[in-house]
Amino acid sequence: MALNDGLSRLVARARPRHRTTAEFVEATLREAILSGVIAPGTPLRQEELAETFGVSRMPVREALRQLEARALAEFHPHRGAVVAEISAADGADIGAIRMALEPMALRLSLPGLTAADLDQAEELIAEMDGEADPGRMGELNRRFHMTLYARAGRPRLLALTEQHLLAADRYLRFQFAALGYRPRSQDEHRALLAACRAGDADTACRLVTEHVGQAAEQLTAFLEGREAG
532 MALNDGLSRL VARARPRHRT TAEFVEATLR EAILSGVIAP GTPLRQEELA ETFGVSRMPV
592 REALRQLEAR ALAEFHPHRG AVVAEISAAD GADIGAIRMA LEPMALRLSL PGLTAADLDQ
652 AEELIAEMDG EADPGRMGEL NRRFHMTLYA RAGRPRLLAL TEQHLLAADR YLRFQFAALG
712 YRPRSQDEHR ALLAACRAGD ADTACRLVTE HVGQAAEQLT AFLEGREAG
């Protein structure tokens, strides 16, 4: 499948917003993949992308590696990079990793969270309530979670946590669109924030585990049914 006019429009729109060429290429391709402008399974040929973006192959290669780290692209022998497929197995895998990382990050972070941190998290919930764009919704969701984990004092843990929140972003968009998940997600965000404000680490960690785990179960069941059909 050739790269389409939708990607060209994203390129023109995104160009002024980024500091480096690789950042520009990666961010634009990420938006194209998450929004469905580039479909799962589409080859991401370096020469074609370099021509579309009007850049050399080096920043394209760097951008593709970043997309691979975010589980949005896969590299195959003799085929090169392709857009990663959405699958039940991958969604369940990301959910399991998040369930291991996020309660740990939250428990470490909670004693250091400030009133300003908690107020910021509440503002992000309010922004999500009024956000219609699924891409922006995914970004706000990630920022909400990372705000609660930010005081963990474990840079590697936080980097892994954010990496898997980014990997989950495309599944979250799909879940909002196909399964009407937003109201339930927002209710769970509010309950989680309330437990954090109360300083109740056990309840907060239980809630974040349930929040991630139940969403993964719902999505996995849906995708398994789709794959079987």
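For the sequence shown, the working numbering begins at 532 and goes up steadily by one. Virtual Cβ for every residue (Gly too), placed ideally from N, Cα, C. Everything numeric in this text was worked out from a predicted model, so none of it was measured.
Neighbourhood of Y712 by C-beta distance below 6 Å, restricted to the same chain and skipping five residues each side:
Result list for Y712: Q706, in chain order.
Under 7 Å between the Cβ atoms of L767 and L691?
Residue 767 falls outside the range modelled here, since the chain spans only 532 to 760, and no answer is possible.
Based on the DSSP output, what are the partners of E605 in its beta bridges?
In the DSSP secondary-structure assignment, E605 is bridged to V613.
Curious, which full-length alpha helix (DSSP H) runs of at least 4 residues does the segment 627-669 contain?
Here the runs fully enclosed are 646-660.
Along the chain, where does the alpha helix (DSSP H) containing T573 start, and where does it finish?
Counting along the chain, T573 falls outside any alpha helix (DSSP H), and DSSP gives it neither H nor E.
Indicate whether H695 and I617 have their beta-carbon atoms separated by less than 7 Å.
Taking 7 Å as the Cβ cut-off, H695 and I617 do not qualify as a contacting pair.
At which residues does the alpha helix (DSSP H) containing A747 begin and terminate?
Segment 732-759, the alpha helix (DSSP H) holding A747.
Using only the alpha-carbon positions, how far apart do A683 and D624 sit?
Cα to Cα, A683 sits roughly 24 Å from D624.
Tell me the rounded alpha-carbon separation between E755 and R674.
Between the alpha carbons of E755 and R674 lies a gap of roughly 29 Å.
Does the Cβ of M668 have 16 or more other Cβ atoms within 10 Å, making it buried, or fewer, making it exposed?
Counting Cβ neighbours within 10 Å, M668 comes out buried, since at least 16 surround it.
In three-state terms, what does DSSP make of S566?
The answer is helix: DSSP assigns S566 an H, G or I state.
Presumed contact (8 Å Cβ cut-off) between D664 and L565, rounded CB distance:
In fact, because the Cβ distance is near 11 Å, the residues do not count as touching under 8 Å.
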